[in-house]
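So the structure is just underneath, and the comments pick up after that.
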Amino acid sequence: MTRDDLKRFQGLDIDFSAIGLEWGGQFCDYFCTPIDAEPVGAIGCDGVHFILLPGDERVFCVDPAMGKEGKFVLPVAGDFREFLSFVVFCRDANPLSQIWWMDEAGFRQLLREDAERTWPGCEEYFTRNNAALSAIAREFDLAPADPFEQVKTLQAGFDPSALHFSDEYYDVLGLERPE
Numbered sequence: 038m039t040r041d042d043l044k045r046f047q048g049l050d051i052d053f054s055a056i057g058l059e060w061g062g063q064f065c066d067y068f069c070t071p072i073d074a075e076p077v078g079a080i081g082c083d084g085v086h087f088i089l090l091p092g093d094e095r096v097f098c099v100d101p102a103m104g105k106e107g108k109f110v111l112p113v114a115g116d117f118r119e120f121l122s123f124v125v126f127c128r129d130a131n132p133l134s135q136i137w138w139m140d141e142a143g144f145r146q147l148l149r150e151d152a153e154r155t156w157p158g159c160e161e162y163f164t165r166n167n168a169a170l171s172a173i174a175r176e177f178d179l180a181p182a183d184p185f186e187q188v189k190t191l192q193a194g195f196d197p198s199a200l201h202f203s204d205e206y207y208d209v210l211g212l213e214r215p216e
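Under my numbering, the first residue of the sequence shown is numbered 38, with each subsequent residue one higher.
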């Protein structure tokens with residue numbers, strides 16, 4: 038179901054960048070991207086991107102700046118539809134990439150700041166953002182779902198030893214490649 042939903046999502050006529058899910062392989066080709074990862078989208082900053090892995094329904098966030106073994110790749114949703122409901126709640130994918138290091142008060146503050154942000158042209162951005170979120174909610178019959186507790190629980194129980202990385206990962210981190 039997750040892969041079919043991803044294809045439906047990719048086929049939507051929306052501005053993916055307005056919700057932090059830009060497309061393109063260049064966003065998802067980092068030393069810490071697991072082997073066989075299927076890109077979902079990227080926030081367009083610092084190499085942060087979201088992926089699916091073979092045989093796993095969860096959506097993962099890859100963040101090359103996390104800077105520590107075992108933290109570069111973390112789950113952010115139990116499946117793709119849940120991920121989309123979290124994006125709709127947050128109004129962007131970026132807050133999902135930051136939950137791992139935040140407490141709840143900090144997360145709520147980030148959401149408030151994002152909603153209140155202004156800059157030249159922000160009206161046009163918010164129009165594209167609202168259109169994309171509405172299309173996603175309509176296409177998948179989703180209600181916004183608060184991600185904080187669910188993501189914290191997923192991440193607390195995650196064992197990164199099941200991930201498979203390229204030789205580059207071990208070279209960059211100066212680690213011995215497991216057999």
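All C-beta atoms, glycine included, are put in the ideal place defined by N, C-alpha and C.
Checking the sheet assignment: what are the DSSP bridge partners for residue 55? For residue 55, which the question treats as bridged, DSSP gives no partner whatsoever.
DSSP three-state assignment for residue 180, whether helix, strand or coil: coil
Simplified DSSP assignment, three categories, for residue 97: strand
As a quick exercise: from 193, 39 and 212, pick the residue whose alpha carbon is nearest that of residue 92. 39
Using beta-carbon positions only, say whether residue 96 and residue 179 come within less than 7 Å of one another. no
Here's a check: name, in chain order, each residue in its chain whose Cβ is nearer than 6 Å to the Cβ of residue 129, leaving out the five neighbours to either side. 56 and 57
Run the CB neighbour count on residue 152, radius 10 Å, all protein chains shown included, and call it buried at 16 or more, exposed below. exposed
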